Amino acid sequence: LIHMDRAYLKMYSWSIGEDGVERKSTEAQNHQLLLNYCFGNADSSVLLYPYSSVVNFINHGGKKANAKIQWSRRGSNESWFDEPSSTVQTHKKAALMFEIVAVTDIT
-7 LIHMDRAYLK MYSWSIGEDG VERKSTEAQN HQLLLNYCFG NADSSVLLYP YSSVVNFINH
53 GGKKANAKIQ WSRRGSNESW FDEPSSTVQT HKKAALMFEI VAVTDIT
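Numbering (the numbering used here), first residue to last: -7 to 99.
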């Protein structure tokens, strides 16, 4: 999983003032589409983006869900689980992994 700060995906509008200086709006107008593909919690600034093609096979359809997601203990740096989000975001490598576990028969 690639970890990033939620603020990186905010989009701002730009305008050119009468003085010719380009200015960014003070409030975000929208978010990048990438946000739709990230895992996160609304109360956290950390977003996790899966960069494996396997996630395309998950059916997120409520009662029809065919998989669940859980933390991997094999590929994750478990020390990150106890770190504040501000520290996690300073790491320069990916060290968290999810496991995708089938909850129905795969045929």
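From the three backbone atoms N, C-alpha and C, an ideal C-beta is built for every residue, glycine too. Bear in mind that the values here come from a model prediction, so they are computed numbers and not experimental data.
- Could you give the C-beta distance for tyrosine 41 and methionine -4, rounded to a whole number, given that I count them as a contact under 8 Å? As a working note, residue 41 is residue 49 in the sequence shown. As a working note, residue -4 is residue 4 in the sequence shown. Methionine -4 and tyrosine 41 do touch by the CB rule: their CB atoms are close to 7 Å apart, below 8 Å.
**Prompt:** Should phenylalanine 73 be labelled buried (16 or more other beta-carbon atoms within 10 Å of its own) or exposed?
**Reply:** The residue labelled residue 73 in the question sits at position 81 within the sequence shown. Result: exposed.
Self-check item: Backbone CA spacing between tyrosine 4 and serine 71 [nearest angstrom]
Solution: Here residue 4 refers to the residue found at position 12 when the sequence shown is read from its first residue. Here residue 71 refers to the residue found at position 79 when the sequence shown is read from its first residue. Each residue's alpha carbon lies about 35 Å from the other.
Identify every residue that forms a DSSP beta bridge with glycine 32. In the sequence shown, counting from the first residue as 1, residue 32 sits at position 40. In DSSP, glycine 32 forms a bridge with Leu39.
Report task. With a 10 Å radius around its C-beta and 16 neighbouring C-beta atoms as the bar for buried, classify valine 38 as buried or exposed. Result -> As a working mapping, residue 38 is identified with position 46 in the sequence shown. Valine 38 should be labelled buried.
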